[in-house]
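Counting in the numbering used here, the sequence shown runs from 909 upward without gaps.
In what follows, a structure is listed as C-alpha cells, so that the remarks can point back to it.
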Amino acid sequence: LVQVGGIFLQFLQLSLLPAEVLLKSEACTEISDIMDRHSTLHTTYKDLLKLDMENQNAIAARRMEFATLKETKGNEVLGGTNEAAYLQNRLDSLRDANTRLENRWQHICNTAAKQTLLLGQLRLATADLYMAINQHLGNHRYKDNASFGVMLERAEIFMKDLTDITSAHSLYESGSSSSITLGGGSAHGAKPPVPEPT
C-alpha cells in the first residue's frame, strides 16, 4: 500500500510540473503517447463516422435511384411484353386470314379450271355439231371457221327445225289429223317435206 501510495504521490508531483518538464520526463512519456493515440483514434473515429454517414446516404440515394430505374424498366418491359403479345395475336389473325384467302383462291382456281374445262368441252361439242349439220345439209353454206356464237345460232336453228319436223312426223304417224299441210303439201299418203334450215 505504501508503495502504491508512493507511486500516486509521485504522479501527483509530476502532474503539478509544467508541460515542458512533463514531456521531458520518462515517466510521463508512456502516458503522453497513450493520450496522443487516444486523440488520434478519436479523430479517426469521428472521420470514419462522418465517412460512414456519407456512404450510407450515398447508398440510400443509389438504392432509390435503382428502385426508380427498376420500376421504370419494369414498366417498359411490361409495355413491350403487352405490345409483343398484341403483335403476336395480330400476326396469328393475319395468318388465319391469309390461310382462308389462300383456300378461297384455290377454290376459285379449281372452279375456274372446271368451268374452263366445261367451256372447252362445250366448244368442241358445238364445233362437232356444227360440222355434223354441215355434212347433213350437204353444202358448205356455213364457214368452217365460224365464230362460236355463229355455231350456236346455226345449231339452235337446226335443232328447232328438227323439232318441228319430228313433231309434224309424230302427228302424221298418229293420224290424229286428217289433213296437215306442211310447206303447201298434203299429209295424205305423203311424208312431210323436211324444211331446210334458214
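Glycine included, every Cβ here is placed at the ideal spot set by N, Cα and C.
- Collapsing the DSSP output to three states places Gly-1083 in coil.
- Out of Ala-1063, Lys-1022, Gln-1023, Thr-1019, the CA that lies nearest to the CA of Ala-1040 is found in Ala-1063.
- Annotated three-state conformation of Gly-1046 is coil, per DSSP.
- The Cβ-Cβ distance between Ala-1021 and Met-1059 does not fall below 8 Å.
- Here the alpha carbons of Ala-1033 and His-1044 stand approximately 16 Å from one another.
- Here Phe-974 is exposed. Its C-beta has fewer than 16 other C-beta atoms within 10 Å.
- CA-CA distance, Glu-1010 to Ser-1001, rounds to 14 Å.
- Taken in chain order, the complete alpha helix (DSSP H) segments of 4 or more residues contained in the segment 957–1004 number zero; there are none.
- The alpha-carbon of Glu-1061 is positioned some 35 Å away from that of Trp-1013.
- Here Phe-1056 is exposed, its C-beta having fewer than 16 other C-beta atoms within 10 Å.
- Ser-1055 sits in coil when the DSSP states are folded into three classes, being neither helix nor strand.
- Around the beta carbon of Tyr-953, fewer than 16 other beta carbons sit within 10 angstroms, so the residue counts as exposed.
- Spanning the alpha carbons of Asp-960 and Arg-971 requires a straight line of approximately 16 Å.
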